[in-house]
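Accompanying notes for the structure given below.
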Amino acid sequence: MRRAVLLYFAADVTSLLGNAAIGLTLPWLVLLRTGDASAAGIVAAATAAPAFLAAVWGGSLVDRIGRRTMTIIADVGSAVSVTLLFVVDSTLGLSLGWFIALGVVGALFDVPGLTARQAMLPEIAELAGITIDRASGIRQALFGASFLAGPALAGLALAALPPAMVLLLTAGCSVLAAALTIALPRALGRAPAEHEARSGILAGFRILRTNPVALATTLLAVGSVLAISPLQAVVLPVVFQRLGQPVLLGLTLSVFAVGLIGGSLSYGVLPVPRRGILVVALLLSLAGLCGFAAAPVPGVIVASAVLVGVGFGLVNPMIPVLIAERVPESARGRVLGLQNAGYLAAFPLGALLVGFLVQHVDVQWGAAASAIAWGLCVAYALAAPALRRLDAPV
2 MRRAVLLYFA ADVTSLLGNA AIGLTLPWLV LLRTGDASAA GIVAAATAAP
52 AFLAAVWGGS LVDRIGRRTM TIIADVGSAV SVTLLFVVDS TLGLSLGWFI
102 ALGVVGALFD VPGLTARQAM LPEIAELAGI TIDRASGIRQ ALFGASFLAG
152 PALAGLALAA LPPAMVLLLT AGCSVLAAAL TIALPRALGR APAEHEARSG
202 ILAGFRILRT NPVALATTLL AVGSVLAISP LQAVVLPVVF QRLGQPVLLG
252 LTLSVFAVGL IGGSLSYGVL PVPRRGILVV ALLLSLAGLC GFAAAPVPGV
302 IVASAVLVGV GFGLVNPMIP VLIAERVPES ARGRVLGLQN AGYLAAFPLG
352 ALLVGFLVQH VDVQWGAAAS AIAWGLCVAY ALAAPALRRL DAPV
């Protein structure tokens with residue numbers, strides 16, 4: 002049983018590393034092959050809609066064919082899409098059209114695979130003999146580690162190898178993740194009875210509409226992405242560019258990731274009720290976002306990154322736990338898929354709105370907008386009756 006747990010986490014972190022690495026490698030290769038600075042943005046925009054649809058429909062597919070099976074399909078599909086980039090680059094030559102077409106193929110697999118692994122977490126916790134809170138904290142810590150290590154490793158690989166060869170390394174991560182998942186017991190993540198899987202995505206929307214905790218956690222999760230994405234994509238790069246200190250940008254993102262890892266590992270072992278953890282996490286993250294807005298100087302920004310990282314590190318593992326405890330197992334994939342679709346929609350929306358403020362007003366106003374948006378989410382979460390009693394139901 003312990004072997005299955007190690008296989009699950011090893012597959013998860015390997016897949017996450019591959020996704021983080023391709024997130025850096027693909028824009029680099031697009032710029033190198035096209036010579037167009039806007040091409041990477043065009044590819045990202047072209048793959049956004051397919052990724053959103055894959056998240057919505059993929060959750061239903063997870064419930065229909067099983068979590069283990071969907072994870073294997075997703076990893077193999079991701080490996081194939083990245084390998085095709087290498088093949089086309091080596092034969093026909095990559096153009097913008099090829100980047101868009103193969104980027105869409107990859108986008109169709111990534112999020113359903115993520116959803117499937119999330120939905121499998123309660124079974125892994127049971128196998129490991131630990132609480133689902135602890136298992137979720139470990140998984141979120143591994144996510145933070147991948148966020149920290151993936152781009153760094155990809156950067157080192159790009160410095161030492163041709164970019165096309167780096168594609169094969171990232172494809173290898175997906176192949177290894179699929180192989181590790183194949184080694185899991187077949188009974189793990191099995192699909193529910195046929196009659197339970199026929200309702201499709203409408204069951205997911207119905208649960209969100211009628212389950213107060215599922216709805217509240219989904220709104221909170223989407224709000225967190227809406228608030229934090231502009232900082233990573235717009236505010237911090239502009240601030241450090243104006244200060245002439247690009248090294249501090251990497252340091253700040255690294256500090257954020259370390260805070261995320263620390264907060265995630267703390268969740269599940271703190272002898273504090275979930276409601277108390279939620280309140281502390283919300284206030285810490287809000288204080289950090291206010292720090293970004295109040296004083297855009299390096300020292301304050303780095304300290305604020307720690308607060309934001311720890312705060313979100315405590316919140317993020319709680320959300321899948323609450324979903325697992327309050328959503329029927331046969332519909333868990335659909336609800337998590339809808340949450341992931343919300344993340345995908347919130348990320349570009351937040352970056353677009355704050356980017357407009359930064360461009361036409363000032364960068365500090367952009368940071369303030371993120372803090373205000375998260376402040377509204379915090380106020381909602383503290384006042385929502387659904388988020389007052391969060392202990393596991395009997």
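Sequential numbering from 2 applies to the sequence shown in our numbering.
Idealized CB from N, CA, C, for every residue including glycine.
Being a predicted model, the structure only gives us computed values, none of them experimental.
**Item:** Exposure label - D392; buried when at least 16 CB within 10 Å
**Value:** exposed
**Request:** Could you tell me if P123 is buried or exposed, where buried requires 16 or more neighbouring beta carbons within 10 angstroms of its beta carbon?
**Result:** buried
**Asked** What do you reckon, are the CB atoms on V301 and V256 nearer than 8 angstroms?
**Response** no
**Request:** In angstroms with no decimal places, state the Cα-to-Cα distance between A117 and R275.
**Result:** 25 angstroms
**Request:** Report the option in L95, G269 and A369 whose CA atom is closest to the CA atom of V355.
**Result:** A369
**Request:** Check whether the stretch 46-62 touches the stretch 332-347, taking contact to mean three or more Cβ pairs, one atom from each stretch, closer than 8 angstroms.
**Result:** yes
**Message:** Closer than 7 angstroms to a non-hydrogen atom of the ligand COA - does that hold for the CB of V214?
**Reply:** Here there are no bound small molecules, and the ligand COA is not part of this structure.
**Message:** Quick check on the DSSP output: the alpha helix (DSSP H) that includes I278 runs from which residue to which?
**Reply:** R275 to A295
**Prompt:** In three-state DSSP terms, what is L345?
**Reply:** helix
**Member of G245, I320, L261 and L284 whose CA lies at the smallest distance from the CA of A380** = L284
**Request:** Would you mind sorting P231 into buried or exposed? The rule is 16 or more other CB atoms within 10 Å of its CB.
**Result:** buried
**Message:** Considering only their Cβ atoms, is the gap separating G205 from G289 smaller than 8 angstroms?
**Reply:** no
**Prompt:** Is the distance from the Cβ of M121 to the Cβ of R69 below 8 angstroms?
**Reply:** yes
**Request:** Take V44 as the anchor and find which of T15, V14 and L95 has the nearest alpha-carbon.
**Result:** L95
**Unbroken alpha helix (DSSP H) run spanning D64, endpoints** = A40 to I66
**Prompt:** The alpha helix (DSSP H) with T182 in it runs from where to where?
**Reply:** P164 to I183
**Item:** alpha helix (DSSP H) segment containing G269, residue limits
**Value:** Premise fails: G269 is in no alpha helix (DSSP H) and is neither H nor E.
**Item:** Neighbour-count burial assignment, S147, 16 or more Cβ in a 10 Å radius
**Value:** buried
**Prompt:** Considering only C-alpha positions, which residue in the set A346, G138 and L287 is nearest to A374?
**Reply:** L287
**Asked** When burial is assigned at 16 or more other CB atoms within 10 Å of the CB, is P113 buried or exposed?
**Response** buried
**Request:** Flag this pair as touching only if the stretch 163-176 and the stretch 21-28 have three or more C-beta atom pairs under 8 angstroms; answer yes or no.
**Result:** yes
**Prompt:** Do you know whose CA, among D111, V259, V270 and T253, lies nearest P299's CA?
**Reply:** T253
**Asked** When the distance is taken between beta carbons, is L261 closer than 8 angstroms to G151?
**Response** no
**Asked** In the structure shown, what three-state DSSP assignment does N20 receive?
**Response** helix
**Asked** Since V336 and I324 are thought to touch, with beta carbons under 8 angstroms apart, how far apart are those beta carbons, to the nearest angstrom?
**Response** 6 angstroms
**Item:** Uninterrupted alpha helix (DSSP H) stretches inside the stretch 293-320 (no shorter than 4 residues)
**Value:** 299-316
**Asked** Excluding sequence positions up to five away, which residues of its chain have a Cβ less than 7 angstroms from the Cβ of W29?
**Response** L159 and P164
**Request:** Could you tell me the boundaries of the alpha helix (DSSP H) in which R210 lies?
**Result:** I202 to T211
**Asked** Which residues mark the beginning and the end of the alpha helix (DSSP H) in which E124 is found?
**Response** L97 to A129
**Request:** Could you spell out where the alpha helix (DSSP H) holding Q233 opens and where it closes?
**Result:** Per DSSP, Q233 belongs to no alpha helix (DSSP H) and is neither H nor E.
**Request:** Return the first residue and the last residue of the alpha helix (DSSP H) that G138 is part of.
**Result:** I133 to A161
**Request:** Report all residues from its chain with a CB closer than 6 angstroms to the CB of V214; omit the five preceding and five following residues, and keep chain order.
**Result:** L323, R327 and A387
**Prompt:** Which word fits P272, buried or exposed, when buried means at least 16 other C-beta atoms lie within 10 angstroms of its C-beta?
**Reply:** exposed
**Asked** Are the beta-carbon atoms of A142 and S265 separated by less than 8 angstroms?
**Response** yes
**Message:** Pop quiz: I229 and F293 are said to be a contact at Cβ under 8 angstroms. What is the actual Cβ separation, rounded to whole angstroms?
**Reply:** About 10 angstroms separates the two Cβ atoms, so there is no contact after all.
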